[in-house]
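Protein chains in written order, with this note's numbering: chain L, 1 to 408; chain P, 1001 to 1408. Glycine included, every Cβ here is placed at the ideal spot set by N, Cα and C.
Protein chains: 2
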Amino acid sequence: MTITAITTADRRFDLRAGAGSDAIHQNIQYAYAVCHLHTGGTTTGTGLAFTLGAGNDLVCQAINALSAPLLGKPIEDLMADFGTVYRSITDQPAYRWLGPHKGVVHLALAAITNACFDLWAKSRQVPLWKLLLDLSPEQLLATLDLSYLEDELTHADALTLLTNQLSTRPDRSEVLKTGYRGYDTSVGWFNYSDEQVVENTRRAISNGFSAMKLKVGSKDPARDIRRAGLIRATAGDAATLMLDANQQWNVPQARQICAQLTDVNPYWIEEPTHPDDVLGHQQLARAVAPFKIATGEHIPNKVIFKNFLQAQAMDFCQVDAVRVGGVAEFLAVSLLAKKFDVPVVPHVGDMGQLHQHLVLFNHIALGHEALFLEHIPHLRSHFRHPAEIVGGYYQTPQHEGSSCDLID
Amino acid sequence: MTITAITTADRRFDLRAGAGSDAIHQNIQYAYAVCHLHTGGTTTGTGLAFTLGAGNDLVCQAINALSAPLLGKPIEDLMADFGTVYRSITDQPAYRWLGPHKGVVHLALAAITNACFDLWAKSRQVPLWKLLLDLSPEQLLATLDLSYLEDELTHADALTLLTNQLSTRPDRSEVLKTGYRGYDTSVGWFNYSDEQVVENTRRAISNGFSAMKLKVGSKDPARDIRRAGLIRATAGDAATLMLDANQQWNVPQARQICAQLTDVNPYWIEEPTHPDDVLGHQQLARAVAPFKIATGEHIPNKVIFKNFLQAQAMDFCQVDAVRVGGVAEFLAVSLLAKKFDVPVVPHVGDMGQLHQHLVLFNHIALGHEALFLEHIPHLRSHFRHPAEIVGGYYQTPQHEGSSCDLID
């Protein structure tokens, strides 16, 4: 199956009032810069990068420019050594200078990479999770670019890590039947009223969720504490409550406010400060322990994830395959996180469509704990195969590919 | 003087064979994404962001999108509180999501910010260095956005730092007469032959330079060592020789190769590995001491500079005002570097045009040592007021503005 044409689509979706809002981002759209790999037949590879609307066109243009070398290539040839292909795309010198490995050009790489993996799975007529699990450790590693990680994770280290998990895979494959637990992010968007938060909490619980998230970072921390208390009172002490500040605080503010927020016993505090601030997060993680720090949706690449892990600056790794350089970089970061024994709990710019495959692989093949996967329902109606959540659990997808096709 | 229209220009320049080449970037162009702020009269503000050609159009498009809020505003009003203006431009939520504070959108911010400072200086009919020196510490700080630096540099800290230097400014103002020492980067581009490197070294010395740079990162380190030896033999033991690897090595390679390269007594080793790798640079800096590490041209923002400085991972801070978010972020990083007692030796994507102003300010107003400023002559003929280098020294510019106007 050969790539005969490459097109992009700039898809933007308005959300209902308040949905998606946080302390930094108000009145937003969700948007995908979409890469389509055409094959001359009915099979098309689809890859997403996630943005908030304006500027999504820049990512589409970068996809067009960066993906040109893939034209005319059979997908099996590309994926047999995708690590090299990936690096050659991302290191085209002039475009590299626009990063390197971050921003618009790296988001474009995400869409291209994800389209390649999607097409590969479709061409083999299997869901992505099965494609990945069926690869040998060597074949899997050939799809990854581990450059600049060698001080912590060599190719040999990664091979050992994957190989050592092979014998215990059957124990962990039960998850394919039970499904993968979800958590509900849409309980407590920033602009929702208190009443709405309580109502959403009730609905989440009746839908089978026992873990949920509240957006914090109000000018007055008392608002955050009150709303967290409402969720706690509604959901009970056993419920898992995550708080998300979306980078609202500087480091001294974060230290001070997090100390207050620990009263509501949060499972984690997410994005407490600027996502580039490795040492700020390190300082915070030490200051708020035993409360834990989660971050990752704005960490653009494996090198910065390496620094966060080395510095013990993140307790949960929220790498997102539609925000870093696609599935290949997601897996590289997941390998690295496994080495550091840090759980991967992806941010889902893809609304969980792609990540439902990746967390199955991470659990079964890498031995990552099957914690839970973020669930955001707002774009359900736009996907051809929307994720199926039953009783709070993602059901294992059985269709071909990576579940990222949008309805036209 | 009010901004009545905003236009962009995508200017790309082919270089002569070999010029500009390094271990990562071959056959390159130099390019500027230019922001023009029109005023209805003959005065136009010009701001540059530097790229390597392809993709420069994306930066121009982002300039158009991000600069719209400036339309109709008097330049004096904008600059009286430019820190707030700056933050409102960079934190437009959807565009913020494409960074934050890095990549294409941040390069666009650089061009916009630099155009504002240029227009401000032209409107007051003074060179930029004089405009900056004539501001009170409070006025200067009002142009900066110090958010996310508060754990290391509060507004009060910065005010104290600036105020403490006021009484000794006259001692340092001599530099306005003597000129600011330059160093020659164009001696040893990666693809130049050995003969060319020797010839360039001779010419640099006869032109008054005593400091020069060699591009390293060859597949065979023996090539780098041989070429460094040629420069050393030609220029003499007293000459200052800098080595620049342009991110070619991973951390273990850098440790090993830098140990060999120290035989030629380099003044610094520049960009030894991936520019995002704060902790990798920290490890290297410790391993190669007393040899020193320089980096900065690919560090996109003040937060990452803060981490590098906190980690003692850079000995020379090569912040570049056409690569970070413009003059305002350059000055914020320079304040931070001063606090950590790390010299600022800018990378000059602007070919030194803008930075000749900024290093004068850094020396006189911040008390930074007047070390030297990179000199690259390849685009001289394209600037309306090309930097004047006499006997290896940048002559203090006397024309209005920031010296960034290009000839059409």
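Review point. With 9 Å set as the bound, which would you pick, yes or no: does the beta-carbon of K219 of chain L sit closer than that to a beta-carbon of chain P?
Key: Closer than 9 Å: no.
> According to DSSP, is S186 of chain L helix, strand or coil?
Replying inline: Three-state result, S186 of chain L: strand.
What are the start and end residues of each continuous beta strand (DSSP E) run of 3 or more residues lying completely inside the segment 276-301 of chain L, in chain order?
If we require 3 residues or more, the beta strand (DSSP E) runs fully inside the segment 276-301 of chain L come out as 293-295.
| Using the rule of at least 16 other Cβ atoms within 10 Å of the residue's Cβ for burial, across every protein chain shown, is G1179 of chain P buried or exposed? | It is buried - the Cβ of G1179 of chain P has at least 16 other Cβ atoms within 10 Å.
With contact counted as at least three CB pairs below 8 Å, one residue from each stretch, are the segment 288-299 of chain L and the segment 269-277 of chain L in contact? Proximity of the segment 288-299 of chain L to the segment 269-277 of chain L meets the contact definition, three or more beta-carbon pairs being nearer than 8 Å.
Review point. Can you list, in chain order, the residues of the segment 147-172 of chain L whose Cβ is nearer than 7 Å to any Cβ on chain P?
Key: Residues S147, Y148, E150, D151.
If T234 of chain L and T201 of chain L are in contact, beta carbons under 8 Å, what's the gap, nearest whole angstrom?
T234 of chain L to T201 of chain L, Cβ: 4 Å. Contact.
*Nearest neighbour of Q1395 of chain P, chosen from P:P1093, P:T1143, P:W1129 [CA to CA]*: Answer by Cα proximity: P:W1129.
Under the three-state reduction of DSSP, which class applies to G1083 of chain P: helix, strand or coil?
In this structure, G1083 of chain P counts as helix in the three-state DSSP scheme.
Inter-residue CB distance, T2 of chain L and K73 of chain L (contact presumed, cutoff 8 Å)
Between K73 of chain L and T2 of chain L the Cβ distance is about 7 Å, and since that is below 8 Å, they are a contact.
Run through DSSP, which three-state label would D1194 of chain P get? Helix at D1194 of chain P.
inquiry  = Here's the rule: buried if 16 or more other CB atoms are within 10 angstroms of the residue's CB, otherwise exposed. What is L1358 of chain P?
reply    = By the neighbour-count rule (16 or more Cβ atoms within 10 Å), L1358 of chain P is buried.
From what residue to what residue does the alpha helix (DSSP H) around I257 of chain L run? Per DSSP, I257 of chain L belongs to the alpha helix (DSSP H) from 251-261.
Task: Heavy atom of the ligand GDP within 8 Å of D194 of chain L beta-carbon - done: Annotation note on the ligand GDP: not contained in the displayed structure, which lists no ligands.
Inter-residue Cα distance where the pair is H382 of chain L and A1158 of chain P = Straight-line Cα distance between these residues: approximately 50 Å.
Rounded to the nearest angstrom, what separates T4 of chain L and V1278 of chain P at their Cα positions?
One Cα belongs to T4 of chain L, the other to V1278 of chain P, and the distance between them is close to 42 Å.
- request: Taking I28 of chain L and G20 of chain L to be in contact with their CB atoms under 8 Å, please state how far apart those CB atoms are, rounded to whole angstroms.
  value: Their Cβ separation, rounded to whole angstroms, is 5 Å, which keeps I28 of chain L and G20 of chain L in contact under 8 Å.
With a threshold of 8 Å on Cβ separation, who are the neighbours of G103 of chain L within its own chain once the five nearest residues in sequence on each side are excluded?
The answer, listed in chain order, is P300.
| request: Determine the chain P residues that contact A54 of chain L at a beta-carbon separation under 8 Å, and present them in chain order. | output: Going along chain P in sequence order, the residues near A54 of chain L (Cβ under 8 Å) are A1065, Q1092, A1094, Y1095.
Point to revise | Proximity of I75 of chain L and H36 of chain L at Cβ, strictly below 9 Å | key: No, these two residues do not count as a Cβ contact at 9 Å.
**Message:** Using the three-state DSSP reduction, which class does K306 of chain L fall into: helix, strand or coil?
**Reply:** K306 of chain L falls in the helix class under three-state DSSP.
Do the CB positions of F1361 of chain P and L1331 of chain P come within less than 9 Å of each other?
Between F1361 of chain P and L1331 of chain P, the gap from beta carbon to beta carbon is short of 9 Å.
| query | Just curious, the alpha helix (DSSP H) that Y95 of chain L is in, first and last residue? | reply | 93-96 is the span of the alpha helix (DSSP H), which, as asked, contains Y95 of chain L.
- Item | Distance between beta carbons of N114 of chain L and V322 of chain L, contact taken as under 8 Å | Contact annotation, V322 of chain L with N114 of chain L: C-beta distance approximately 7 Å; criterion of less than 8 Å satisfied.
Review point. Which of the three DSSP states, helix, strand or coil, is assigned to E369 of chain L?
Key: E369 of chain L sits in coil when the DSSP states are folded into three classes, being neither helix nor strand.
Quiz item: What residue does the alpha helix (DSSP H) around G229 of chain L start on, and which one ends it?
Solution: G229 of chain L -> alpha helix (DSSP H) spans 221-235.
Could one say the Cβ of Q1061 of chain P lies closer than 9 Å to chain L's Cβ atoms, at least one of them? It does; some Cβ of chain L falls within 9 Å.
**OP:** Kindly list, in the order they appear in chain P, the residues whose Cβ is closer than 8 Å to that of P266 of chain L.
**Re:** What P266 of chain L touches in chain P: nothing, since even the nearest Cβ is about 22 Å away.
Query raised in the report: When the Cα atoms are used, what is the spatial distance from T1044 of chain P to A1054 of chain P?
Result: CA-to-CA, the gap between T1044 of chain P and A1054 of chain P works out to about 26 Å.
Checklist entry - Is there at least one Cβ from chain P nearer than 9 Å to V251 of chain L's Cβ? => result The beta carbon of V251 of chain L falls within 9 Å of a beta carbon belonging to chain P, placing the residue at that interface.
Q. Is the Cβ of N1301 of chain P closer than 9 Å to any Cβ of chain L?
A. Against chain L, the CB of N1301 of chain P has a partner CB under 9 Å away; the residue lies at that interface.
Exercise for review: Give the residues from the segment 1014-1034 of chain P that approach chain L closer than 9 Å (Cβ to any Cβ), ordered along the chain.
Suggested key: Flagged, chain order: I1024, H1025, Q1026, N1027, I1028, Q1029, A1031.
*Excluding the 5 residues preceding and the 5 following G145 of chain L in the sequence, name in chain order all residues of the same chain whose CB lies nearer than 6 Å to its CB.*
Going by the sequence as given, residue 145 of chain L is Asp instead of Gly. Hits under 6 Å: G83, Y86, R87.
Inset, instruction - State the Cα-Cα distance for the pair S1173 of chain P and G1367 of chain P, rounded to the nearest angstrom. - result: The alpha-carbon atoms of S1173 of chain P and G1367 of chain P are separated by roughly 11 Å.
- Task: Give the secondary structure of H375 of chain L by DSSP, where H, G and I count as helix, E and B as strand, and everything else as coil.
- Result: Judged by DSSP in its simplified three-state form, H375 of chain L adopts strand.
Point to revise | Rounded separation between Q1125 of chain P and F1117 of chain P - CA only | key: Distance between the alpha carbons of Q1125 of chain P and F1117 of chain P: 12 Å.
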